[in-house]
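To start, the structure under review is shown below, and the notes come after it.
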Amino acid sequence: MGRSWPLSVRGRLHTDTLAVGLSTARLPFGDEPPGPVRMEVTLSAWRYLDLGFVLDGGQVLAHARMDLAKGQLDTLTASSRGLSLAHLSRMVTGQLHGRIAAGGMLGLGARGEVSLRVDDLGIAGWRLGPTTLSTRFVDGVASIEAGAPGLELHAVIDTSGTTSVDGLLQNAIIYRENGRDSIRLTGRFRGVAPIGHVASGAMQVELDSARAEFSGWKMNLPEGVAAEYTDGEARLTTTRMVTPLGTVHLGGVLASDHLDFAARIDSFDTADLEGITAQGAGRLSVYGSAEEPRAQLRAGLKSLALGGRELGELTAALELSDSLRGTLQLGVPSATTETGSGLTINLSAPNADFRVGASTGQEQAHIRLEANRLDASTIATYALDDSTDLRVSLSADLTFPAKQLLHGINWRDLSGQLVLQEFDLARDRVRLRLAEPSRAELSGGMGSTEGFDLPVEIFRRDTEAFEPAGVIHIEAQLAGAGGGLMIRAEDLELEAVVRAIPGRVSLPAGLLSLQANLTGTSGALALDATAEVELDELGQLSARVFGRPRRWNASATWVSLVEDSLRVTASAPAVNVWPKWDELTMRVQSNGFDLLPMLDQIPQLASLTGIARIDVTADSLLTNPHLSGRIEIEELQLALLDVKPGYEFPAGEINFGDRDGGGAHAELAGFSGRTTRGEGRLQLDGFYDLLPGGRTDYQLQLTGENVRYEY
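Quick note: the sequence shown uses the working numbering, first residue 16, plus one each step.
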């Protein structure tokens, strides 16, 4: 069964009795096999067989007694009390409850009853909710009743003849675990088929309504639909399906010797797609037979725009006859742009792998891609939700097994090359341009890139010109299931980083040098990264990150201009390779840090001095934060801008701990001070709380006596 199964066996043998006991830590199958398992087997008078089974101390119980001489099942009973189906397969979720009882002659003479319930049944990430199943088996005929929210199913299985099923859907809903995808159905279905020959049976489906939502895209059948299957032929009556792209008219017949199916959109309607507008139509026709299928797809979009910016015209064509050929073209009309600019993709493949029963699996598909000074600014601006200019020129010539067009393309089977001749990205006075053409080679599960260097430039207002602001270098090596990706940045100005990142980002002035290496496989990635930052007014920052399949660790050290240091370490377990941020643990330490370098970062202050000694640990900051430790402040002096005199506090502490009711609590203590001139006295008190869920609560109180104030 694919895994070792340590088994403990004990037994005894008498003249007419054999008794054997088996025990093991867990079942020999399942993704997370439950246990422990105990089995008892007794053979009496070399005729009567008793079997007992216990799982997890009684979560599942089973007992059977058989008369081997008569071929009779005297009794069979089994029960489950909350068995987690996920232990058996990660594809299934829910808790199984129920019982089974059976008896009678082995074979068609047996009789039995089954009553099962699954709390919140889920299959492959889709949830059906509470589900029940009951069955009675008498004289070779099984009667089945099943139900879930909105679903009733009745079935009869006659082991000597046929199977029939009748189902009723009343706003039945299945939904994805992410809570955003769902399918709702109302209607009924009926079917009948000979035992062992389902393909020669018959099925009728009548849906009064059907609605679905996938990743925010909504679809429905406003008039419902009727479909039937009889002896190998499926027939769908012409119906309308409303989609985010417009109304689709579809219908036809699918049979092994006859294909006649069509779907069309007479007018694309993108009103439900945020930021996307287009005009056009599309049509798909399938004909021929299963052995010699024929198909044609035609689609055209004019005035295609993203976020109000014109993208151009899009045309697509796909035809399957003696071979498979396809073309996709994207670009603005030639009257408004340079000749030949845009994107063209051509696909060709023999048809051998698309015929039922005639697949060889040896045919190769061929893709040619050509982008000639493609203006992708509209796409980049839409994706980043911020004005971005992007121009690309590239060519690719790739081959891969044609059968993967039906089952998904595996990059390991790709062969060929991709050449990037031009890459020019600009946003907010920062520009990245490919230094020289870059090439990627793929062959036999191996891949590599060459010459991917991106000089960074920033526009200087004083010179009215773009000037160098660093360089980014990228290398990739792929081998089978693994490989590596290396990214190196040299003397990259932080101002350029701020301007290139969408949204509001604030960083001090300085230069960044970084090297990151990503190696391993998709299921076992390893990241090693180091960074050095020279900050113009704050000193030097160095950082390291180590990411492994089970855990991520990071550290950073800041050395100020006066050579004080502050160190931060962090660690988090990994889930599906990436860090589990809600279990992040951090520690901040400094034996003494002069606050003067912080003055330029707080514009409300005219002066700031003092020493901070820090030792604070934090964890679970994103969910239920916990903080411990303290910050000790000595000789703190500060003055507000345009306000005299200043204030000084000889000593003070910020103590961190847990908050009653959950969360973290920080409290000020010992901040008794005076004004730098005069006899004024000051007392600073307060607290700051981090609450579960990211909320905060705080209170600061400054009490003064005889405090001078000059503005």
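Glycine included, each C-beta is placed from N, C-alpha and C at the ideal position.
* **Nearest candidate by alpha-carbon position, reference residue 523, set 439, 508, 666** => Ranking 439, 508, 666 by Cα distance to residue 523 puts 508 first.
Margin query: Taking a contact to mean a Cβ-Cβ separation below 9 angstroms, would you say residue 652 touches residue 623 in this structure?
Written below: Against a cut-off of 9 angstroms, the Cβ pair of residue 623 and residue 652 comes out as a contact.
Return the bridge partner residues of residue 136 from the DSSP annotation.
DSSP lists 144 as the bridge partner or partners of residue 136.
(message) Tell me the residue span of the alpha helix (DSSP H) that contains residue 509.
(response) Secondary structure note for residue 509: its alpha helix (DSSP H) is the uninterrupted segment 509-515.
* Asked: Do you know offhand how far residue 135's Cα is from residue 672's?
  -> Looking at the two C-alpha atoms, the distance is approximately 40 angstroms.
task: Evaluate contact between the stretch 463-474 and the stretch 535-545, counting only Cβ atoms and requiring at least three cross-stretch pairs below 8 angstroms.
output: In short, these stretches do not touch, since the Cβ pair count stays below three.
- Task: Report the residue from 219, 205, 200, 208 whose alpha carbon sits nearest the alpha carbon of residue 236.
- Result: Closest by C-alpha distance to residue 236, out of 219, 205, 200, 208, is 200.
| request: Give a yes or no on whether the C-beta atoms belonging to residue 455 and residue 485 are separated by under 9 angstroms. | output: Contact: no.
Check whether the Cβ atoms of residue 10 and residue 286 sit closer than 9 angstroms, and answer yes or no. No answer is possible for residue 10: the residues shown for the chain start at 16 and end at 726.
Review point. Are the CB atoms of residue 39 and residue 52 nearer to each other than 9 angstroms?
Key: In this structure, residue 52 lies closer than 9 angstroms to residue 39 by Cβ.
Spatial neighbours of residue 226 within its chain, please: CB distance less than 6 angstroms, with the 5 preceding and 5 following residues excluded, ordered by chain position. Closer than 6 angstroms at Cβ, skipping near neighbours: 199, 235.
Margin query: Do residue 274 and residue 250 count as a contact pair if the criterion is CB distance below 9 angstroms?
Written below: No, the pair does not count as a contact, with Cβ atoms beyond the cut-off.
| query | I think residue 685 touches residue 667, with their Cβ atoms under 8 angstroms apart; what is that distance to the nearest whole Å? | reply | The Cβ separation is near 5 angstroms, so the contact holds.
- request: Rounded to whole angstroms, what's the CA-CA distance from residue 309 to residue 585? Just pull it up for me.
  value: Taking the straight line from one Cα to the other gives about 59 angstroms.
Note to self: Give me, in chain order, the residues of the same chain whose beta-carbon lies closer than 7 angstroms to that of residue 203; leave out the 5 immediate sequence neighbours on both sides.
What the structure shows: Around residue 203: 182, 183, 184, 221.
Review point. Where does residue 88 land, buried or exposed, given buried means 16+ other C-beta within 10 angstroms?
Key: Residue burial is scored here from C-beta neighbours: residue 88 has at least 16 other C-beta atoms within 10 angstroms and is therefore classed as buried.
task = Could you name the residues of the same chain whose beta carbon sits closer than 6 angstroms to that of residue 77, not counting the 5 residues immediately before and after it, in chain order?
result = Exclusion of the five residues before and after residue 77 leaves 68, 93 as the residues of its chain whose Cβ lies within less than 6 angstroms of its Cβ.
Item checked: DSSP state of residue 584 mapped onto helix, strand, coil -> DSSP, reduced to helix, strand and coil, places residue 584 within a strand of the structure shown.
Self-check item: Reference residue 550, options 263, 612, 342, closest by Cα
Solution: For residue 550, the nearest C-alpha among the options comes from 612.
With 16 other CB atoms within 10 Å as the buried threshold, where does residue 281 fall?
Counting Cβ neighbours within 10 Å, residue 281 comes out exposed, since fewer than 16 surround it.
- Beta-ladder partner(s) of residue 106, from DSSP: Residue 106 is not bridged to any residue.
inquiry  = Taking the beta strand (DSSP E) that residue 398 belongs to, which residues open and close that run?
reply    = For residue 398, there is no enclosing beta strand (DSSP E); the residue is found in the alpha helix (DSSP H) stretching over 392-399.
Taking the alpha-carbon positions, what's the residue 621 to residue 191 distance? For residue 621 and residue 191, the distance between alpha carbons rounds to 57 angstroms.
Q) Should residue 401 be labelled buried (16 or more other beta-carbon atoms within 10 Å of its own) or exposed? A) Residue 401 should be labelled exposed.
*Determine the burial state of residue 397: buried for a count of at least 16 other Cβ atoms within 10 Å of its Cβ, exposed for fewer.*
The residue is buried, with at least 16 neighbouring Cβ atoms inside 10 Å.
| Own chain residues within Cβ distance below 6 angstroms of residue 295, not counting five before or after | These residues qualify, in order along the chain: 283, 315, 316, 317.
With a Cβ-Cβ cutoff of 9 angstroms, do residue 660 and residue 723 count as a contact?
-> Yes; because the gap between Cβ atoms is below 9 angstroms, this pair is in contact.
Under 9 angstroms between the Cβ atoms of residue 114 and residue 95? Yes. Within cutoff.
**OP:** Take residue 187 and list the residues in its own chain whose beta-carbon comes closer than 6 angstroms to its own, dropping the five residues that flank it on each side.
**Re:** Result list for residue 187: 165, 166, 200, in chain order.
Measure the beta-carbon distance from residue 43 to residue 61 and round it to whole angstroms, keeping in mind my assumption that it falls under 8 angstroms. Actually they do not touch by this definition, with Cβ atoms about 29 angstroms apart.
Q. Given residue 450, which residues of its chain have a CB within under 6 angstroms of its CB, disregarding the five upstream and five downstream residues?
A. Excluding sequence neighbours, residue 450 sits near 468, 470.
* **residue 311 and residue 329 closer than 9 angstroms at C-beta** => Against a cut-off of 9 angstroms, the Cβ pair of residue 329 and residue 311 comes out as no contact.
Limits of the beta strand (DSSP E) - the one that residue 652 falls within: Residue 652 -> beta strand (DSSP E) spans 641-655.
By DSSP's criteria, residue 412 is part of a beta bridge. Which residues make up the other side? According to DSSP, residue 412 bridges with 383, 432.
task = Classify residue 625 as buried or exposed, calling it buried when 16 or more other Cβ atoms lie within 10 Å of its own Cβ.
result = Residue burial annotation: residue 625 is buried, with at least 16 other C-beta atoms found within 10 angstroms of its C-beta.
Environment of residue 30 [buried if 16+ CB atoms lie within 10 Å]: Answer is exposed; the Cβ neighbour count stays below 16.
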